[in-house]
C-alpha cells in the first residue's frame, strides 16, 4: 500500500500562483495612488501675539 500512495503523490502537480504580472499590478496601483492623492499642507496655528513692548516698558 505505501507504494501506491507514493505514486499518487508523484503524479500530482504543485499548485502555483502565476506571479509574473503581480509586479506590474503593484506598480500601477502605486502610481495610481500617488497621482490621485491630495496633499494637505499645514498652515500652522493661528495666534494673536501681544503688541511689541517699547524699550522703556517692563514686561508684565
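In the working numbering, the protein residues as written are 183 to 242. Quick reminder that beta carbons are idealized off the backbone N, C-alpha and C, glycines included. Small disclaimer: the values here were computed from a predicted structure and weren't measured.
Who are the near neighbours of residue 220 in its chain, counting only those whose CB is closer than 7 Å to its CB and skipping five residues on each side? none
Roughly how many whole angstroms lie between the Cα atoms of residue 198 and residue 222? Taking the straight line joining both Cα atoms gives about 43 Å.
For the alpha helix (DSSP H) that contains residue 208, what are its first and last residues? Counted as a single uninterrupted DSSP element, the alpha helix (DSSP H) harbouring residue 208 occupies residues 204 to 218.
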